[in-house]
Amino acid sequence: MDYVCFGNVLEFYTTYRTNAYKKPLVVLVSVNHHHQTVVFGCALLMDESIATYEWVLETFLIAILNTKPISVVTDGDKAMHKAIKKVFPDACHRMCSWHLQQNAFTNVHIKDFTSIFARCMFMRGNLEEFEKA
């Protein structure tokens, strides 16, 4: 039921070896209309290969009765990206804002850039307002 209501946008991320088994843990989540996290599924992985991510997504697809998400948000992992492209070919794939900010902080050494970048990512409005800013 939760996936039917809140599965248009799927966040697909991996925590890296923080459990007792030192294995990657994949979590598939979204957000409901109360801005609460909704967990759709999780899996302990043997590795972080394309084939493993494809298996996770294909198994998840069976569980959700082949209802594919419109958008998938990840940390930008290349193997994840390839698996998403194969299993959810029509989904819009994006990096999460936290990882974009971390990347900007690490790689762009311009004063105040990361705070301006964050404001741009989270600002609301239409294209005309964006271009005026």
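Numbering (our numbering), first residue to last: 4 to 136. All C-beta atoms in this analysis are idealised placements derived from N, C-alpha and C, irrespective of residue type, glycine included. Here the structure is a predicted model, which means the values were calculated and not measured.
query, result
"With a CB to CB cut of under 8 Å and the five nearest residues on each side skipped, what residues in its chain are close to V75?", "V12, L13, E14, F15, I87, F91, A94, C95, H96, R97"
"Report yes if the C-beta distance between Y172 and L47 is below 8 Å; otherwise report no.", "With the chain covering 4 to 136 only, the question about residue 172 has no answer from this structure."
"Any contact between the segment 32–42 and the segment 55–65? By contact I mean 3 or more CB pairs, one from each, below 8 Å.", "no"
"Quick check: what's the CA-CA separation for H84 versus K135?", "33 Å"
"T40: buried (16+ other C-beta within 10 angstroms of its C-beta) or exposed?", "exposed"
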